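Protein chains in written order, with my numbering: chain Z, 1 to 231; chain C, 1 to 231; chain A, 1 to 231; chain V, 1 to 231.
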C-alpha cells in the first residue's frame, strides 16, 4: 500500500542523519497522498540505522487512525496532520531538534532575514510561535502544537515561508514533497547558524533590505525564477 | 567472570568516541551487577582503539578491591562506587570531558531547562556541585567527588535527573544500564550546547514553563509514557 | 573544447564540498583562458555528486554568450565576468555561502587582519561592499554585484587581497587559477572563523601591527618569499 | 640517517591532520637527537597527503645547517632550534594554526586554568608572548619568535606548561618526544575551546582553585602520579 510514497518518506527520513539534523531517534518526516487523504510517517522511536521503508506507517488524514503498518506512528503525528489540513499546498512535513534552529526556538525568537541564503528559501522572517497554554499542553498537546503553528501563519504564506520555530521546543518545516521539506530543514538549520553568528559580529544589525530579499526569493521561486536548469 | 556485563560495559565505552564525547583516553563507563555487588569498569588510561572486552576490570562495590582483571581500574572508580551505593536504582555510570558540558562545569553553572530536548530526559535543571574543599581534594579526592555529587542530589531524584556537572571538572551521568548512561551523556552534551547558544540569542531568557516540562518528561517516562514502540 | 581548463574548473568545484564550503548546490568556481577570452564555469543548480567535467559551460568573456555546453551556466556568471574584466591578473573566481564568511557578509563588516593566518594570504582587511541600490538589484543584479566589488577595490590591490564580502550576501574570492581561488576561499572561511572568536575573547582587540602583517605576507608572496620549496 | 627519528617525526606530523589541527600545509613537528645535537623537522610547504618519512630534513641544532635531506626545512625551523637550546628537557616541538588556540593568540590573551582538563596537562595559565618589535620582526624573525617564547618562560617551567601562544600568531607546544608534543597540541586546542565557551557562560568566572589544580596535575605527573597503567 502506497509503496512509492513509503519509499520517498523513508528516503527523506534517512536524509536527516546524513545532514546531521538528528541525534538518536529525534526527528520525523511524513508525506501525503492528497487524493487518498492518507499520510505516511516514520514510526515512533525507531533507530535510523534499523529503519526500513516497510516500517513507515500509513494514517488517515482526517481521523488519524492507522490504516497500514505494524508500528506506532511518530508521537508527533497529530501535528503533521494539522499542518496538512491547514496548508493545502504542502506534500511533506519534517520535525527535527536540529541544534541551531532548536536554540532559537528555545530562546523564543524569530530568525530575522539577514542575508541571501535565507532569502533564497524563506521570504521573510522565520517566525516563532507563542507558548502553548496549560490547557493546550495537557490536552491534545501534539494537535495543539499544529494549531499554534497555523495561528502563527494567519497573515503569512506557508509556501513562501516553509518553516517555523515552536517556542521552547524545536523547528518544523515543510515543502512540496518529503524531500523538499527536508531540504528546507537543512536550510533552516544553516540560516539559524549564520543568524546566530551574525548578531554577535554586529550588535546593531538590521534586517536585509526588501529589494534584495525580493530579488533572491524570486530568483529561485515563481514565474520569474531563473536559477537552476529547469527555469 | 561477568562476561556479559563486561561486553555491555565495553560496548558502552566504545559509544563515547563514536558520539564524539572523548578525546584520547578521557572518559570511562561502568556497569553494576547488583546481586553480586560487583562493578565492571574501564581500565585507566587505555586507548579506545586498543580496548577489548577482556580489559574491563571487576571491582567490589563495597571495598573497591580488584576482583578480576590484569589492569588498574579507572582512576575515577571511587566516584562510580559512591554513586552506585547512594543511587540504588542505577545500573551504569559515565564520566566524560565532553566539550560543552565541561565548559558549563568549569563555569560553575547549572544547565537550566530551556526546552523540550532537555525535558525529554532531565526533569529540571542539571545541577552543578559546589567546589570541593582543600581537605576533600587532598584526601580521597575521587571518593569525595562522589560524595559532593550525592550532596547535590539531597533534594533531587537522581533517576529523574540522570546527570550532574562537577564544579571545575566535568559531567557525570548515569542510567538503568551502561548504554542508557551513555545515552544520557550524549543528551547532556547536546543540551549543554543548545543552552549555551540559547542564552546568547536571548539574554533575557527564562526557564521553560512547568507544564511543558512535565508534558515532555512524562511523554517519555513513567506510567503515562507514550513515546516509542514499547509504551 | 578547452578540455584541460574544464577539468581544472571541475576539480576546483569539487574542492568546495571536500573542504566543507558548500551545502547543496550553493557555490560555483570558474576559470579563464585569457588568450581566447573564454570563461569556463559550473552549470547552475547541479548537485556536486552528479557533476562531471563535461558539464562545465564555456561562455564568452565579453558578451556572456554560451560558446559550448548543454547546460545553463551559473546564475552568478555575470559577476564572474565583471571580475575577470576588471582584475586582469586573476585566472579563477569562486563564490560560496561558506558559513563564517557569509555571517560576516550578512553582518556587513570587513574582516580585520588580526593574525598571521590572515596575513599569510590577505595583505590587510578583507573588505565588505556597500549595499546595492534598488536600481542595481532590479536590473542586471549579478553584473552590478561584480561592479560593486570592483568599486570596493578602487584603492586596493585585488591580487594582494584576493577576496571580498558582498553585503547581505556572501564571499567571492579569486586567484591565479581556479585551484588557488578555492584555496583562498578556504583561508577566507578559516580567517572569518578565527576573527569571530577573537573579538569575543578580547573585546578591546585592535588590528595586528603593520610590521608583522608585512613580514608574513612577504614571507609567502613576491620577490623576497622564502616559504615552501619553490622560493 | 636517523631513520628511526625521521619515522617518529613523520608519524607525529601525520597526527596533525588526523586530529584536525591543520588546514593545508600549516603546521610542523620536529624531534631532536640530543646526543648528536641534530633536529629532524618537516619540510616547508609540503602537503600532508604527499609527505613521506624520507622527506624529513635533518638540521644541526647549533648552526641550523641542513645535514641531510633534499628539501628545505620548515620556515619555522629557527624557532624550533631556539626552544631546544633553551628547554633542555624537551624532545619534540609542534607549531600549528589550530583554530581556537590561534584565536586566543590573535586576541593576545593567556588561557587561564579554569578546569581539570587544563590542569591534567598544564600546571597553570598557558601564557601569551608580548608582541615582537619592528627590529625583531624584520631581522631573524623566526629566531626572535623563539627568543620571545623563552623570555615568556623566564619564571615558568616549560616542562610543567608545555605550550605557549605567540601574540598575533599561533600556538607552539612541546613534549618529551614528537608524539607527546602533538598530544599537548591537541589538549591545548581543546582547552582553548572550552575556556572560550566558559567565559561566555559565566562572565564573572575566576581561575580554578590551587588545590584542585595541584591535585589534577600531580595525578598525572611526577612521583605521586597514579593515572594510567604505568604509575
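Beta carbons: idealized from backbone N, C-alpha and C, even for Gly. All values reported here derive from a predicted model rather than from experimental measurement.
Item	Value
For residue 126 of chain A, write down the residues that DSSP places opposite it in a beta bridge.	A:111
Tell me which same chain residues have a C-beta within less than 6 Å of the C-beta of residue 89 of chain C, skipping the five on either side of it?	159
Mind reading off the beta-carbon distance from residue 74 of chain Z to residue 41 of chain Z? Whole number of angstroms is fine, and I expect it under 8 Å.	5 Å
If you follow the beta strand (DSSP E) that residue 95 of chain V is in, where does it begin and where does it stop?	92-95
Could you tell me the boundaries of the beta strand (DSSP E) in which residue 172 of chain C lies?	171-175
What whole-angstrom Cβ distance do residue 18 of chain C and residue 179 of chain C have, given they're in contact under 8 Å?	Rounded, the Cβ-Cβ distance is 12 Å, inconsistent with contact.
Does residue 49 of chain C pass the burial test, meaning 16 or more other C-beta atoms within 10 Å, or should it be called exposed?	exposed
Residues of chain C with CB closer than 9 Å to the CB of residue 138 of chain Z, please, in chain order.	211, 214, 215
Apart from the five residues just before and just after residue 227 of chain V, which ones in its own chain have a Cβ nearer than 7 Å to its Cβ?	219, 220
Any beta carbon from chain C within less than 8 Å of residue 34 of chain V's own beta carbon?	no
So residue 129 of chain A and residue 152 of chain A are supposed to be a Cβ contact under 8 Å. How far apart are they, rounded?	5 Å
Name the chain Z residues whose beta carbon is nearer than 8 Å to that of residue 172 of chain A?	Simply none; closest approach about 13 Å.
Could you tell me whether the Cβ of residue 5 of chain C comes closer than 8 Å to any Cβ of chain V?	no
Distance cutoff 8 Å, beta carbons only. Does residue 109 of chain A sit that close to anything in chain Z?	yes
Using 8 Å as the threshold, is the C-beta distance between residue 92 of chain A and residue 29 of chain A below it?	yes
Please list, in chain order, the residues of the segment 168-196 of chain A that have any C-beta partner in chain V closer than 9 Å.	183, 186, 187, 190, 193, 194, 195, 196
Please compile the residues from chain A whose C-beta is within a distance smaller than 9 Å of the C-beta of residue 112 of chain Z.	The contacting residues do not exist; residue 112 of chain Z stays about 10 Å from chain A at best.
Which first and last residues belong to the beta strand (DSSP E) in which residue 31 of chain Z is found?	28-33
Assuming residue 64 of chain A and residue 78 of chain A make a contact with CB atoms under 8 Å, what is their CB distance in whole Å?	6 Å
With 16 other CB atoms within 10 Å as the buried threshold, where does residue 56 of chain V fall?	buried
On the DSSP letters alone, give me the boundaries of the alpha helix (DSSP H) that residue 137 of chain Z sits inside.	134-138
Evaluate the contact criterion for the segment 1-15 of chain C versus the segment 196-216 of chain A: three or more CB pairs, one atom per stretch, below 8 Å.	no
Taking contact to mean 3 or more Cβ pairs, one atom from each stretch, closer than 8 Å, check whether the segment 161-180 of chain Z and the segment 106-123 of chain Z are in contact.	yes
Taking C-beta to C-beta, are residue 99 of chain C and residue 208 of chain V nearer than 8 Å?	no
Use the C-beta contact count for residue 190 of chain Z: other C-beta atoms within 10 angstroms, 16 or more gives buried, fewer gives exposed.	buried
So residue 143 of chain Z and residue 82 of chain Z are in contact, right, with Cβ under 8 Å, and what is the actual spacing, rounded?	6 Å
Among residues of its own chain, excluding the 5 on either side of residue 62 of chain Z, which ones have a beta-carbon nearer than 7 Å to its beta-carbon?	37
Where does the unbroken beta strand (DSSP E) through residue 22 of chain A begin, and where does it stop?	No beta strand (DSSP E) holds residue 22 of chain A; DSSP gives it neither H nor E.
Between which two residues does the alpha helix (DSSP H) holding residue 214 of chain Z run?	210-220
Kindly indicate if chain A contains any beta-carbon less than 8 Å away from that of residue 226 of chain Z.	yes
If residue 161 of chain V and residue 123 of chain V are in contact, beta carbons under 8 Å, what's the gap, nearest whole angstrom?	6 Å
With DSSP run on the structure shown, which of helix, strand or coil describes residue 162 of chain V?	coil
Considering only residues of the same chain and omitting the five flanking positions on each side of residue 231 of chain V, which have a CB-CB separation below 7 Å?	225
Can you confirm whether residue 56 of chain V, when its beta carbon is compared against all beta carbons of chain C, has any partner nearer than 8 Å?	no
List, in order along the chain, the chain V residues whose C-beta lies closer than 9 Å to that of residue 219 of chain A?	75, 141
Kindly indicate if chain C contains any beta-carbon less than 8 Å away from that of residue 161 of chain V.	no
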